[in-house]
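Visitor:
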Amino acid sequence: KSAVEDEGLKGKISEADKKKVLDKCQEVISWLDANTLAEKDEFEHKRKELEQVCNPIISRLYQGAGGPGAGGFGAQGPKGGSGSGPTIEEVD
1 KSAVEDEGLK
11 GKISEADKKK
21 VLDKCQEVIS
31 WLDANTLAEK
41 DEFEHKRKEL
51 EQVCNPIISR
61 LYQGAGGPGA
71 GGFGAQGPKG
81 GSGSGPTIEE
91 VD
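According to full-length UniProt numbering, the sequence shown is numbered sequentially starting from 1.
1. How big is the Cα-Cα spacing for Val28 and Ile88?
2. For Leu61, does the three-state DSSP call read helix, strand or coil?
3. Select from Asp41, Leu9 and Arg47 the residue whose C-alpha is nearest the C-alpha of Lys24.
4. Between residue 156 and the rest of its own chain, which residues show a CB-CB distance below 6 Å, the 5 nearest in sequence each way excluded?
5. DSSP three-state label for Ile29, please.
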């Protein structure tokens, strides 16, 4: 929602796409407010519905803006280092 409302990207998205994203976001927010006791799978289903509408639009938005991909990450991998991270041990 905040990506399509960003003033810096205002000219990069059509009004129809912006309206589609904002309408779907408002629909999901209203559903969340009305269904606070819903099961996990119901929340996940709503999230996936929202992603199906928003992800293609956001991807086009960032590709057209010349910025990083929709995930906000560049194509480069990690730099330097030995490649071995910290050791994580589980505690009972």
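Note that beta-carbon positions come from the ideal geometry of N, C-alpha and C, so glycine has one too.
Guide: In terms of the structure at hand:
1. 37 Å
2. helix
3. Arg47
4. The chain is shown from 1 up to 92; residue 156 falls before or after that span and cannot be answered.
5. helix
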